[in-house]
Amino acid sequence: MFGLFSFKNPRFRFIIIAVSLTFVACTALIGYVALPAQIKPFGIKNDVIKAPTLIGYGVIKASEIARASGLRIEVDRWVSSKDYPINHVVGQKPLPNQKIRKGDKVIIELSGGNTHRDSGEARGQSTVTSEDQRPLQSLPDQSSKSLSGRVVVIDPGHQRRANLKREPIGPGATETKEKIQGGTTGIKSKRPEYQVTLEISKRLKSVLESHGIKVVMVRETHDVNISNAERAEVANIVNADLFIRIHADGALDPQKNGISTLYPALNKWTAPIYKESLRAARIVQKSVIETIGRKDNGIIGRNDISGFNWSKVPVILVEMGFLTNPEEDLLLNDTKHQDLLASGIGDGIVEHLRTIEESR
Ligand SMILES: [Zn+2]
Numbered sequence: 028m029f030g031l032f033s034f035k036n037p038r039f040r041f042i043i044i045a046v047s048l049t050f051v052a053c054t055a056l057i058g059y060v061a062l063p064a065q066i067k068p069f070g071i072k073n074d075v076i077k078a079p080t081l082i083g084y085g086v087i088k089a090s091e092i093a094r095a096s097g098l099r100i101e102v103d104r105w106v107s108s109k110d111y112p113i114n115h116v117v118g119q120k121p122l123p124n125q126k127i128r129k130g131d132k133v134i135i136e137l138s139g140g141n142t143h144r145d146s147g148e149a150r151g152q153s154t155v156t157s158e159d160q161r162p163l164q165s166l167p168d169q170s171s172k173s174l175s176g177r178v179v180v181i182d183p184g185h186q187r188r189a190n191l192k193r194e195p196i197g198p199g200a201t202e203t204k205e206k207i208q209g210g211t212t213g214i215k216s217k218r219p220e221y222q223v224t225l226e227i228s229k230r231l232k233s234v235l236e237s238h239g240i241k242v243v244m245v246r247e248t249h250d251v252n253i254s255n256a257e258r259a260e261v262a263n264i265v266n267a268d269l270f271i272r273i274h275a276d277g278a279l280d281p282q283k284n285g286i287s288t289l290y291p292a293l294n295k296w297t298a299p300i301y302k303e304s305l306r307a308a309r310i311v312q313k314s315v316i317e318t319i320g321r322k323d324n325g326i327i328g329r330n331d332i333s334g335f336n337w338s339k340v341p342v343i344l345v346e347m348g349f350l351t352n353p354e355e356d357l358l359l360n361d362t363k364h365q366d367l368l369a370s371g372i373g374d375g376i377v378e379h380l381r382t383i384e385e386s387r
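Below is the structure:
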């Protein structure tokens, strides 16, 4: 007769066929699972979910909820509302429990404002104003009008607890970086950077709001867990005119001091925002130095910052001084100096926004 490993043996033929079929089936299954959800021929139903309730939540929380459901959100406009605090969701499309496909956008309306973000009216005012007609800065009523449609997102650097899990440094990147680092600490005051950055950010918020600018804060407490990429996402969601990140510097050498402003270096992610970010960095750095009179460490282009590479809107990061330098540590914790910093940064932002149309 014939041996076990001969094709003439029916048992061997059966085993070969069974193994081949199993292999083909597994390959097909793995291939199917790997297909992007949008183009899967079957199982589309699995991607259709009920829209979560976002109404009533602050924009940051709403984006968290959406992300957990595999959705994105985008702010359509701000509307006046007596029922909710500022920057809370008052309307959403689709409505809660209506069908939506994973990966799709929920369009939201936020409370707090007389200006309709994308109506073009508010922006149009400054667009049509020529050089000669532009109101002088000493006329607050006129000048605040021209900024009333503007949105600035402030990111007070760091948070109480670092999150050392990693995230890609940009969309699709293989290189990763910690989600949110711990930041530095005052050499004398012993106060952590996340406290100082929030204190100054709140002051900056008031300065900007006094010019009619709409401000969205990435955080208003220390007990949050928002990665750098997610912070950029907040700025993207509201389509901010500027994403300003507030930090203090640190170095091993306690002599090191001074102020610098970081901006995204030109790379495959930052090309659309590079020019305007660089422009903002120059203006804000100049304004801060003029107001504060500390050492000017200049502006620095950076490729490696997740919060830059994930941003779709112009972004800069101000290093307001070294907490590791005894003198600057005391200054950064001094309320008068904090006010000066806030107005230096705020004036720079106002100047940038007011003159931005020319550069576009
Ligand atoms: Zn920092």
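Residue numbers (our numbering): 28 to 387. Where is the CB? At the ideal position from N, CA and C, for every residue including glycine.
Count the CB pairs spanning the region 284-294 and the region 208-220 that are closer than 8 angstroms, and state whether there are at least three.
-> no
Alpha carbon to alpha carbon, how far is V133 from A369? Give it in angstroms, no decimals.
-> Against the sequence shown, residue 369 aligns to sequence position 342. Against the sequence shown, residue 133 aligns to sequence position 106. Between A369 and V133, the C-alpha separation is close to 34 angstroms.
H274: beta carbon under 7 angstroms from a heavy atom of ligand 1?
-> In the sequence shown, residue 274 corresponds to position 247, counting from 1. Yes, Cβ of H274 sits closer than 7 angstroms to a heavy atom of ligand 1.
Can you round the beta-carbon distance between R381 and S173 to whole angstroms, since I take them to be within the 8 angstroms contact cut?
-> Walking along the sequence shown from the start, residue 381 turns up at place 354. Walking along the sequence shown from the start, residue 173 turns up at place 146. 6 angstroms between Cβ atoms; contact.
Got a sec? Which residues, its chain only, sit under 7 angstroms from I316 by beta carbon, not counting five neighbours each side?
-> By one-based count along the sequence shown, residue 316 stands at place 289. Contacts found: I286, D323.
Assign R193 to one of three DSSP states: helix, strand, or coil.
-> Residue numbering aside, residue 193 sits at position 166 when the sequence shown is read from its first letter. In this structure, R193 counts as strand in the three-state DSSP scheme.
Hey, how far is the Cα of P195 from the Cα of G334?
-> Start at 1 with the first residue of the sequence shown, and residue 195 comes out as number 168. Start at 1 with the first residue of the sequence shown, and residue 334 comes out as number 307. Using only the alpha carbons, I get a separation of about 11 angstroms.
Any contact of the region 185-200 with the region 218-235, i.e. 3+ C-beta pairs under 8 angstroms?
-> Segments in contact, yes.
Opposite G85 in the DSSP bridges: which residues?
-> Mapped onto the sequence shown, residue 85 falls at position 58. Its beta-bridge partners are H115.
Three-state class that DSSP yields for P219 in the structure shown | Locating residue 219 in the sequence shown gives position 192, counting from the first residue. Residue state, collapsed to three classes: strand.
With C-beta atoms as the reference, is G277 less than 8 angstroms away from L367?
-> If you number the sequence shown from 1, residue 277 lands on position 250. If you number the sequence shown from 1, residue 367 lands on position 340. Cβ atoms of G277 and L367: not closer than 8 angstroms.
F50 burial status per 10 Å Cβ neighbour count (16 or more: buried) | Reading the sequence shown from its first residue, position 23 is the one you call residue 50. Exposed, by the Cβ-count rule.
Please classify Q274: does DSSP put it in a helix, a strand, or coil?
-> As a working note, residue 274 is residue 247 in the sequence shown. Before going on, a small fix: residue 274 reads as His here, not Gln. In this structure, H274 counts as strand in the three-state DSSP scheme.
CA-CA distance, A52 and F41?
-> Reading the sequence shown from its first residue, position 25 is the one you call residue 52. Reading the sequence shown from its first residue, position 14 is the one you call residue 41. A52 and F41: Cα-Cα distance of roughly 16 angstroms.
Would you identify the three-state DSSP class for N11, choosing helix, strand or coil?
-> With the chain represented from 28 up to 387, any question about residue 11 goes unanswered, as that position is not in the structure.
Nearest-angstrom Cα distance between G118 and G58?
-> Here residue 118 refers to the residue found at position 91 of the sequence shown. Here residue 58 refers to the residue found at position 31 of the sequence shown. When rounded, the distance between both Cα atoms is 40 angstroms.
Cβ pair P341, A307 closer than 8 angstroms = Position 314 of the sequence shown, counted from the start, is the residue given in the question as residue 341. Position 280 of the sequence shown, counted from the start, is the residue given in the question as residue 307. In contact: P341 and A307 (Cβ atoms closer than 8 angstroms).
Extent of the continuous alpha helix (DSSP H) run through E295 = Here residue 295 is taken as the residue at index 268 of the sequence shown, counted from 1. A quick correction: the sequence has Lys, not Glu, at residue 295. K295 -> no alpha helix (DSSP H), and no H or E assigned at all.
Proximity below 8 angstroms, CB of A270 to CB of V180 | Translated into positions along the sequence shown, residue 270 becomes position 243. Translated into positions along the sequence shown, residue 180 becomes position 153. According to the sequence displayed, residue 270 carries Phe and not Ala. For F270 and V180, yes; Cβs fall inside 8 angstroms.
For E220, verify whether its CB is less than 7 angstroms away from any heavy atom of ligand 1.
-> Your numbering for residue 220 matches position 193 in the sequence shown. Within the cutoff, so yes.
For E158, which of helix, strand or coil comes out of DSSP?
-> Counting from 1 along the sequence shown, the entry for residue 158 is found at position 131. Caution applies to E158, whose pLDDT of 37 falls short of 50 and renders its modelled position unreliable; the value that the coordinates give is listed next. The answer is coil: DSSP assigns E158 none of H, G, I, E or B.
What number of angstroms, rounded off, separates the C-alpha of N124 from the C-alpha of K88?
-> Taking the first residue of the sequence shown as 1, we reach residue 124 at position 97. Taking the first residue of the sequence shown as 1, we reach residue 88 at position 61. Going by the C-alpha atoms only, they are around 18 angstroms apart.
Starting from N324, trace the beta strand (DSSP E) both ways and give me its first and last residue.
-> Along the sequence shown, read from residue 1 onward, the residue named residue 324 stands at position 297. Run containing N324: 323-329, per the beta strand (DSSP E) assignment.
Continuous beta strand (DSSP E) stretch holding S33: start and end | The residue you call residue 33 lines up with position 6 of the sequence shown. No beta strand (DSSP E) holds S33; DSSP gives it neither H nor E.
Given that a residue counts as buried once 16 or more other Cβ atoms are within 10 Å of its Cβ, and exposed if not, what is T297?
-> The count along the sequence shown starts at 1 and reaches residue 297 at position 270. Counting Cβ neighbours within 10 Å, T297 comes out buried, since at least 16 surround it.
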